[in-house]
Amino acid sequence: MSRSFKLPDLGEGIHEGEIISILVKVGDSVEEGAPIMEVETDKATVEIPSPFTGSIEAIKCEPGDIVHVGDALVIFSGDGAEAEEAPAGKKPEKEAERKPEEAERKPAETEEKKPEAKPEEKKEKVPAKAPEKREGPVPASPATRRLARELGVDLRDIPASGPEGLVTAEDVRSFAEGVKAKEKPAVTEPTEKEAPAEEREVSLALSPTGVAIPELPDFAKWGEVERIPVRSIRKATARQMALAWSQIPHVTSHDSIDVTKLEAFRQKHKAEVEAKGGKLSVTVFALKAAATALRAFPNFNATLDVKAGEIVRKKYYHIGVAAQTGEGLVVPVIRDVDRKSVIELSIELTELVERTRNRKVLIDEMRGGTFTITNVGPLGGGHFNPIINYPEVAIMGMGQARMQAVVINNDEGAHEIAPRLMMPISLTIDHRVLDGADAIAFVNKVKEVLQDPDELLMAMV
Amino acid sequence: MPRTEIELPYHIDYISVLDENGELDKGLEPDIPDDELLKIHRYMFLGRLFDAQILSLQRQGRIGTFAPTKGQEASQLGAVSIMRDSDWFVPSFREAVAFLWRGATMEGILLAYAGFSEGNKIPEGQNNLPVAVPVGSQTLHAVGIAYGMKYRKKDDLAMVFFGDGATSEGDFHEALNFAGVFQLPVIFVCQNNHWAISVPRKNQTRAQTLAQKALAYGIPGVQVDGNDALAVRVAAQEAEKRARSGEGPTLIECVTYRMSVHTTADDPKRYRTDEEVGEWAKRDPLERFQKYLKTKKLLTDKKIASLEEELKAEIQESVKAAEKKMKELGDPMDMFSHVMADTPPALEAQKEELARDLKDSAREADNG
Amino acid sequence: MVMGEFTQETDVAVIGGGPGGYAAAFRAADLGLDVILIDDGPRPGGVCLFRGCIPSKAFLHISELLHDTKIAKNMGLTFEKPSIDLDALRKWKNSVVDRLTNGLMKLSERRGVQFIQARARFEDSGTIRLQGSDVTHIKFKHAILASGSRPSTKRGIDFKEGGRVMDSTGALDIPEIPKRLLVVGGGYIALELGSVYASLGSETHVIVRSERLLRGADLDLVRPLQKKLEGLFAGIHFHTEITELKEQNDKVEVTFDGEIEPKSQSFDRVLVAVGREPNTEDLGLENTKVKINKRGFVEADDQQKTADEKIYAIGDVVGGAMLAHKAMKEGKVAAEVIAGKPSEYDVRALPAVVYTDPQVAWTGLTEEKAREDGVEIKVTRFPWKFAGRAITMEAPEGMTKMIIEASSGRLLGMGIVGRDAETLIAEGTLAVEMGALAEDVGLTVHAHPTLSETEGEAAEVFLGSSTHILPKT
Amino acid sequence: MAKMTMVQALNLALRQQMEKDDSVVILGEDVGRDGGVFRVTDELLDKFGPERVIDTPLAESGIAGMSIGMAVYGLKPVCEIQFSGFSYFSFHQIESHASRMRWRSQGRFTVPMVLRCPYGGGVRALEHHSESREAFYAHIPGLKMVIPSGPRNARALLASAIQDPDPVIFFEGKALYRAFREEVPEEEETLPLGKSHLAREGKDLTMISYGAMMRPTMEAAEILKEKDGVEAEVIDLMTISPLDDELFTKSVKKTGRAVIVHEAPRSFGAGAEIISRIMEKSFFYLEAPIARVTGYDVVIPLFARENAYLPDAQRITRAARRILSS
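Protein chains in written order, with my numbering: chain Y, 229 to 689; chain U, 1175 to 1542; chain G, 10 to 482; chain V, 8 to 333.
Now the structure itself:
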C-alpha cells in the first residue's frame, strides 16, 4: 500500500513553503525520522523528516516549487512492518501475481460478474454511463463511495489498489488530485477584471497593513528590468517590517558607550571561552546588559494588547538576536537570558547563529522573543534606526565600536581628552507603551553595565 | 314543554330607615357607634358648606368648573363610611364629600378645580382613584382592582360611584357583568340623582328601577332612599358582607337628587322646575340626619351652630392655603411631568422648545 | 384558528412522519435547514411505529415467549398453560408505541424540527395547503414526499373498520383471538401476523396464490420456516384464491378456488395481507411536476429527485423494498442533496428480515436473483445443526448461506434462517457494503459459542477451512 | 436555541414573564382554554391556572378597563384584544384612562399594562380583521406603541413591554405569526422600547418600515442590490411611539434618500411623522423627495383585492428606483 507524505502544518500560520532541496530519490529506502527535504518557509528553512519507514515510490515536487500545507510531496510504498520482515523484492512479486489476473478480466465479463447488488428495483435510476468505464458497482466501502462523490470523481474511472479490484479511499484521493492538477491551469487563468488570486495573495503578504497599494508604472519604458519573485524569508521580512512600521510609532534614541574596559575584559577571556566552544562577542555582553535593563524596566519586556487595552508584561527574558543569512534576516531567540552565564550564552549564541546561517534553525527557536538585539557592528556602521520586531516594544541596535577622542574626567576630576573605544547604541521604542525618558533610562542602564565589566559581573549573578 | 315562569335568584328590595320626617324604622336601624354617627354628620355638614364655598369662589372666577354634591351627601357617606383604609374608592366626578371622608383635603380639591393638576395628587396610602370624567368608564377600574384583591387573597373591597346616566353606558354593563362572572368584591353605588345634565332619569331607561339592572348579570341589586344615610348604610353593610366573604358584587341604587347645577357651567332652569327642586328640598339628607341625631340626643341646635362656625373657619383656612399654593404653582413646564416614566428624546426636545418659547415670550413682553 | 390563512415559509417541508420522513427531517435540520415535518398522526412515527413494524414486533416478541415456554419442556422445564389478557397485551403494545413516538417528538423539538399535525396537499410546486392545523399554508424551498403506503386493496376485498375482514392495521389491534382465522397472502406480513394469532391460539389457515411463501427470499431459507409453520398453522394452501367472501355478523363465509377442501368454509376472521400500495392520491401531486410511473409509484432518481425540481420523494411511495430502513436511508440522502451535499442512494446490501419463528433474513444479492441475472457465483451453506450455540437454543433448523462471486471470492449476499437472524444479518450487510471477500469474513474471528460463528464458518466453507464441516474432496 | 414562529416566541415571552413575576396575568377573549385564536397563549392556562389566564366575557372595553384597574392595583395585566379591528371598543379606556392615569394621579398610579392585538392584512381574513391602525395609538401621549417584525424581536419586545412601567400597545402582524421561524434563545432577552433597529446597512438609500412590512422591504432591498447594485439601508422602527428618530435621520443624512413603507393608509400615517422628523433634522441632506409606499386611503379591501392594496417588494422597489433616479 502506498502512502503519501504531505506538507505538514508547520504552525504559526505558515501555510506554504519553498522546496530548497530534496534529499532523497525514487527507490531510496528511508527510515522514519530521516531528513527527506528542506523547505524554506516565511520563518526559516526547515528540514522535513520522513514520517514513515519505507521506500520512495514517487516524488511530487522539485526544488523551487512553492508547496502548500496538505500538498502531497513524496509517495512511499509499503508499510514499515512489511518492509522490515519481508526481504526486498518479495512483495512486488506478490503483487505481480495478482495483477495479471485482474488484467485478464475483460470488461464484458466483469459486467456479468458484477450485478446490481441492490435487491430492489433501483436499476431504472442508474443513468447510462460512458462505455469505457467499469460497469456495475465498483467494490468500495460506503465511506469511500461518499468520498468519490464529494471529490466529484467516478469510481469506475479509478484504478483500484485493494484486493480484487476494491477501490480504497486513498485511491480516490490520489486519483482526484491527479484530476485537479490537470484542471488547474484552466481554473487559475486570470480574468481581465480581477487580479489573479495569487497576485492578491502576494501583495497581501507583503503589505498586511490594509493600505491600498498604488499602481506601479511600467518600468520597462525606461530601460530593461528583471523581475524576481519575493519569497519566503524576504517576503516574511517585508511583511513583518511593514506591519511593525504601520502599527508602531517608532522613536529611536542614540547614544555611545565607552566599551574600552569591556573590550579589554573580552580580550582577556576570549580564549578560555573559545576553548569551551563559544565565541565571546560583544553581542553576548549586550544580551546580558539588555536582560539586566529589561528586569529593571519591565515595560520594555512587554507587548501592547490593543484589543484588550492592556500591556502584557512578560516574566521571562527571551531575547532575539538578528542574524543575517544568505536568504535574509532571521531572528533566533535565546531563552532565559537572565538565568544564563556569559559563557553559556557565548556557546549558545555561537551555535544558534551557526545553525541559523545553515538554515537548520527550528521554527520554535524563533518564537517567543520579548526583546531583540541587532548588532551590525561586525559589518561596520554607526547609529541607525532599528525597526521593532512586532509585537515586541523595543529593539536595541549596536554599531561598530571605534576609537575616538573623548573628553573624560581623569582621576583628579579634571577634564582631559583621551582615546576611548566608543560603541554607537540605538534604542528604538514603541511610543505607545514607552516614552523618551524611558528610552534614556534604559540606555543608561545598559551603558552602566557595559562600561564597567565589574558591573557586568554583578549582573551575571 | 310547558311555559313556566323562571324564578330568578334575586328580587329588588327598597330600603328606607329614616323617613322624611325623621321617623325611624327601629328594626332596620343600623348599629353605628355614636362617635361615628357624629363623624358622618360632620362630613355631611362640611360637604354642604364646602360645596357652597366652592360655588361662591367659582362665581367670583377664583376657580373653574365644579360639579356640586349638594343633596347627595347621604348617598356618599352612608356608603363610604363602611370602608377600610385598605379598601379602594373609585369615584366619578361628583364625590367631593366622599373624597373628604377618604382623606382628600379641601385644599387639593380647590386646587384641582382651579386648574392645577397637582390638586389631583393622591397621597401614598390613600386608596382612592382620581376623579373620572368619562361617564361610567371608571366602573371597570373597580372591577380590575377587585380582581387584584381576589387574586392576592385580600378581604378588601372596591366601591365605585356613578350616576343614573352612567347606567346607559356600555362600560357599566360590562363592569357588572365582569364582576358577576368573576365574583369580585365590588360595591357599585349608583347615585340616581334623577338628572344627567338635562335628561331625566325616565329618559335613561324604561326600567322601573336602576337596581334591577343587576338581575340581568346575576348579582344582587337593591334600591335605597339615597337621602337617608341610615338606609344607604344598611345596604352598604349588606354589600360589604357579601364582598368580604367572597360572595361577589352588589349594585346599590341610591335614590337621591341633584339639588344644585350639573356643573357650574349649567343652568338647570332650562330643563327642570323649581317646584321639583322644592319637593326634594323637603327630603334634604342633612336635615333628616340632624333630626335623627337630635332624637338620639347626640346633637343640639347650639352644637350645630358652633360646628358650622368651626367648619367654615376650616374651609376658609383651606381656601387661603389653596390660593397661596396657586401662586406658587403654575409653571407651564410642569405639563411635561407625569407623561411617562421616562421622557422620550422627542418629548424632551418639545420641552426645551416650550422653555425657549416662554423665554422668548417673556423677552418680547419686556421689550414690547 | 378562527380567522385568516397563515402561511409559513420553510426550507424543507417533509410530508409524512414515518421513519423515512423523520429521518429526512432530522438530517435536514442537523444540516442547518429550517424544517417542517407534517403528518396526520399526533406524533411522528408513521405506519412503522403506529401500525407496522413496532406493534407487530411487540406481538411477535410475545409469540416467541409463548413458543419458548413450549420448547422448554424438552429441557425439563414445564410451564402452566399461559393465560392471555388481551387488554393488558394491547395496553403494553400501546405503551411501547407511546414511548417511541414521544421520544421522536422530543427529538424533533430538540433539533428544531417543527412538527405539524395536518393533512398536506400540494397547491403548486412551492406551496402546500394544510388541513387541520393552525398553519394553513407552507411555502417551501424544497419538499420531501414521504407519504408511504397502505395495505393493498387491489384484490377487491372491502375492509370495514372493525370488521371481521381485517387488513394488517386492523389485525394489529387484536380485537379478539378468533377461533378460526384465514390468512390471505404468503408474504412477511401475512406470516408474521398469522404466527402471532396462531401462537395466541387461533386455528390459522393460510392461502397463497402462488406456489411458495416469501417471494424474494431464497427457497432454501424458506423451507425450514415453512416446515415449522406447517406445525403452527392448521394449513398452508398454495395455488389457492378466494372467489367469494361474505362477511356476516359473527363469521365470514369464504369460497375458494384451488388446493383446499372443502371449497366453502366459514371463519371467525379473515386477515388479508397481499401487499401494499403507495399513497399518491389526494396529495395534489397533479398540481406539481411530479411524475408517477406505471406501477403507481412516484418516480425518483438516485438522489431522490422527482421530475419536479423542488420536490424529492423517498420511502414506500417511490417503490422498491417497502422497508423502513430503506426509507430512512433515502430520507437522509434527500436531506443531504437538498443541503448541497453530493449524496446518493448507493446501497448494495439492503437487509430484509422476517420476524417469524424461525426468522428469515437476507441481504445483498440472493441466490435466486444471481442465477436469474446469470452471475457466476458460489454458494456456501452452514447448517446450524453443526453450531453448538444453536443446539443449546433448541434451534437446529437454522442455516447460514453466502452468495460469493466466483471469480473474485467477493461476498455479494448472505441469507440466514434461524433464531436471531435479525441481528446476525448485520455482519453480512457490512461485509457486502465494504466489498469484503469471503476470505475476510472467514479470517475474522467469531466468538464461540455464538450463532455468529455460522457466518465465519459459511465463509470458511468457501475457503475449504471450515472446522465443523468436512472439506469437500 | 430553539427555532420558533412568532406565535411560539410570544408564547415563550408570556410564559417566562409569568414565571418570573406573579403579578403578570393574561386576560382576553379565548385566551385560556383555547389558547387564543392564534394560539399565542397556548398552554398557559394549564401552566398558570384560570386566576392568571383569564377567559373574559366578550367585551373589549371591559377587558381594557379591567386591566387598567388591575394595573393600578399593582398587577401587570397583559390583555389580548382578539383583532385590532375590535380594539376601538376599548379605545376610550386606553385613551381616557390607561394613557393618563399617571398624569391624572400626579404620579401616584401607573398603568403597567400591555394591550396585545393582532393587526394587519395578508391572511385572507374577513372585514375588520386586516386593518393597520397604529397611528391611532401612536397619537396618544402617555402610550407606547410597539410592533415587532419577527419571532426573536417579538419575544424580546413583549418581555420589555410587560416590564415597562407604562401602558404599551403591542401590535402583532398576523401575516408574521407563522410566516417563518427564527432561533429564539431560551434565556430571557429584552429590547429597549423606543429604539429602532438597523436591519440592513447601506449607503444609497434609507428604507424605513416596521412590523409585517419589514419582510417585503427587506426583499426589496435585496432586489435593489442584486438588480441595481444599490445598497439600501433598512431601518426597523420596532417602536412606533415614542418614535426613535435618531437612527433614521442619521441614515438619511448619509444616503440622502428615503422610502417609508407601511400598510396603514397613507394620510396621517406613521410615514407622515417620519417625514416630518426627517425634514426637521436631515432636510439639507436630502437629494430626492421622500417616497411613501403604503396602503391607500380606502377601506382595506377584502382579500380578493388585498394583494393590490398591501405594499409588496415590487412596489417598494419601484418607489426606490423612482427616487434614486431623481
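The beta-carbon is built from N, C-alpha and C at its ideal position, and this holds for glycine as well.
Since the structure is predicted, the reported quantities are computational estimates derived from the model, not experimental observations.
**Report entry** CB contact flag (Val266/V, Ala326/V, <8 angstroms)
**Finding:** Closer than 8 angstroms, so yes.
Requested in this report: Would you tell me roughly how many angstroms separate the C-alpha atoms of Ser333/V and Ala322/G, rounded to the nearest one?
Outcome: Taking C-alpha positions only, Ser333/V is separated from Ala322/G by approximately 51 angstroms.
Query raised in the report: Residues of chain Y with CB under 8 angstroms from Gly418/G, in chain order?
Result: Here the neighbours are Glu392.
Requested in this report: Mind listing the chain U neighbours of Tyr336/V? Cutoff is C-beta to C-beta under 7 angstroms, in chain order.
Outcome: Outside the shown range of chain V, which is 8 to 333, sits residue 336/V, and nothing can be said about it.
Query raised in the report: How far does the alpha helix (DSSP H) with Pro1168/U in it reach, from first residue to last?
Result: Residue numbering for chain U in the displayed model covers 1175 to 1542; residue 1168/U lies beyond these limits and cannot be assessed.
Report task. Compute the Euclidean distance between the alpha carbons of Ala1253/U and Gly1245/U, then round it to the nearest angstrom. Result -> If you take the alpha carbons of Ala1253/U and Gly1245/U, they lie about 15 angstroms apart.
Requested in this report: Could you spell out the range, first to last residue, of the alpha helix (DSSP H) harbouring Glu53/V?
Outcome: Residue identity differs from the one stated: residue 53/V is Asp in this sequence, not Glu. Note, Asp53/V: alpha helix (DSSP H), 51 to 55.
Report task. Could you please tell me which residues of the stretch 437 to 450 of chain G, in chain order, have their CB closer than 7 angstroms to any CB of chain Y? Result -> Residues are counted here when their Cβ sits less than 7 angstroms from a Cβ of chain Y; for the stretch 437 to 450 of chain G these are Val441, Glu442, Met443, Gly444, Leu446, given in chain order.
Requested in this report: Starting from Cys124/V, follow the alpha helix (DSSP H) in both directions and report where the run begins and ends.
Outcome: Where Cys124/V is concerned, there is no enclosing alpha helix (DSSP H), although the beta strand (DSSP E) it sits in stretches over 121 to 126.
**Report entry** Within chain G, the residues that Pro387/Y reaches when beta carbons sit closer than 7 angstroms
**Finding:** Those do not exist, as Pro387/Y stays about 15 angstroms from chain G at its closest Cβ, beyond 7 angstroms.
Query raised in the report: Roughly how far, in whole angstroms, is the beta-carbon of Ser94/V from the beta-carbon of Pro84/V, given that I think they are within contact range, below 8 angstroms?
Result: 15 angstroms between Cβ atoms; not a contact.
Query raised in the report: First and last residue of the beta strand (DSSP E) that includes Arg138/G?
Result: Here the beta strand (DSSP E) through Arg138/G covers 136 to 140.
Report task. Give me whichever residues DSSP pairs with His146/G in a beta bridge. Result -> Beta-bridge partners of His146/G (DSSP): Thr16/G, Arg138/G.
Report task. Assign Trp450/Y to one of two classes, buried (16 or more other C-beta atoms within 10 Å of its C-beta) or exposed (fewer than that). Result -> Residue burial annotation: Trp450/Y is exposed, with fewer than 16 other C-beta atoms found within 10 angstroms of its C-beta.
Query raised in the report: Which residues, in chain order, does the stretch 1380 to 1399 of chain U contribute to contact with chain V at a C-beta distance below 7 angstroms?
Result: Those would be none; no residue qualifies.
Query raised in the report: Alpha carbon to alpha carbon, how far is Ile323/V from Thr224/V?
Result: So the two alpha carbons sit approximately 7 angstroms from each other.
Query raised in the report: Would a check of beta-carbon distances place Ser474/G closer than 8 angstroms to chain Y?
Result: Answer no: the Cβ-Cβ gap between Ser474/G and chain Y never drops below 8 angstroms.
**Report entry** Straight-line gap, Thr553/Y to Val589/Y (C-alpha atoms, nearest Å)
**Finding:** Here the alpha carbons of Val589/Y and Thr553/Y stand approximately 12 angstroms from one another.
Report task. State yes or no: is the C-beta of Val121/V within less than 8 angstroms of the C-beta of Thr246/V? Result -> Contact flag unset, no.
Query raised in the report: Nearest to Gly596/Y by alpha carbon, out of Glu579/Y, Val570/Y, Val565/Y?
Result: For the residues Glu579/Y, Val570/Y, Val565/Y, the minimum Cα distance to Gly596/Y belongs to Val565/Y.
Query raised in the report: Which same chain residues, not among the five before or five after Ser275/G, have their C-beta less than 8 angstroms away from its C-beta?
Result: The answer, listed in chain order, is Arg189, Lys260, Val261, Glu262, Val263.
Report task. Using a cut-off of 7 angstroms between C-beta atoms, extract the partners of Asn463/G located in chain V. Result -> The question names Asn, but residue 463/G in the sequence shown is Thr. Within chain V, no C-beta atom comes less than 7 angstroms from the C-beta of Thr463/G; the nearest is roughly 49 angstroms away.
Requested in this report: Examine the Cβ distances between the stretch 41 to 60 of chain G and the stretch 105 to 116 of chain G and report whether three or more of them are shorter than 8 angstroms.
Outcome: Contact between the stretch 41 to 60 of chain G and the stretch 105 to 116 of chain G is present, because at least three Cβ pairs lie under 8 angstroms.
**Report entry** Short Cβ contact (8 angstroms threshold) for Val283/G with Leu191/G
**Finding:** Taking 8 angstroms as the cut-off, the Cβ atoms of Val283/G and Leu191/G do not count as close.
Query raised in the report: Once you ignore the five residues that flank Lys1456/U on each side, which residues in its own chain have a CB closer than 8 angstroms to its CB?
Result: Taking C-beta separations shorter than 8 angstroms and ignoring five residues to either side along the sequence, the partners of Lys1456/U in its chain run Glu1194, following chain order.
Report task. Give the single residue among Pro614/Y, Ile476/Y, Lys673/Y, Val661/Y whose Cα lies nearest to the Cα of Thr520/Y. Result -> Nearest C-alpha to Thr520/Y: Lys673/Y.
Query raised in the report: Residues in its own chain within less than 6 angstroms of Glu18/G by CB, not counting five upstream and five downstream?
Result: Apart from the 5 residues on each side of it in sequence, Glu18/G sits with its Cβ closer than 6 angstroms to the Cβ of Lys148 in its chain, given in chain order.
Report task. Tell me, please, which residues DSSP counts as bridged to Trp1369/U. Result -> Paired residue(s): Pro1374/U.
Query - Which of helix, strand or coil DSSP assigns to Asp483/Y - result: In the three-state reduction of the DSSP assignment, Asp483/Y falls in the strand class, which pools E and B.
Query raised in the report: Name the chain B residues that come within less than 7 angstroms of Gln17/G, Cβ to Cβ?
Result: Of the chains in the structure shown, none is chain B; the protein chains are Y, U, G and V.
Requested in this report: Leaving out five residues on either side along the sequence, give the residues of the same chain with a beta carbon under 6 angstroms from the beta carbon of Ser1342/U.
Outcome: Apart from sequence neighbours up to five positions away, the residues of its chain that approach Ser1342/U with a beta-carbon distance below 6 angstroms are Gln1378, ordered along the chain.
Query raised in the report: Name the chain G residues whose beta carbon is nearer than 9 angstroms to that of Ala368/Y?
Result: Result: Met443, Gly444.
Query - Anticipated Cβ contact below 8 angstroms, Val487/Y with Met651/Y, distance rounded - result: The distance from the Cβ of Val487/Y to that of Met651/Y is about 5 angstroms, consistent with a contact at the 8 angstroms cut-off.
Query - Coarse secondary structure for Val130/V, derived from DSSP in three states - result: Val130/V: coil per DSSP, three-state reduction.
Requested in this report: Tell me the start and end of each unbroken alpha helix (DSSP H) in the stretch 1223 to 1273 of chain U that is at least 4 residues and wholly inside, in chain order.
Outcome: The stretch 1223 to 1273 of chain U contains these whole alpha helix (DSSP H) runs: 1247 to 1254.
**Report entry** Environment of Ala1539/U [buried if 16+ CB atoms lie within 10 Å]
**Finding:** Answer is exposed; the Cβ neighbour count stays below 16.
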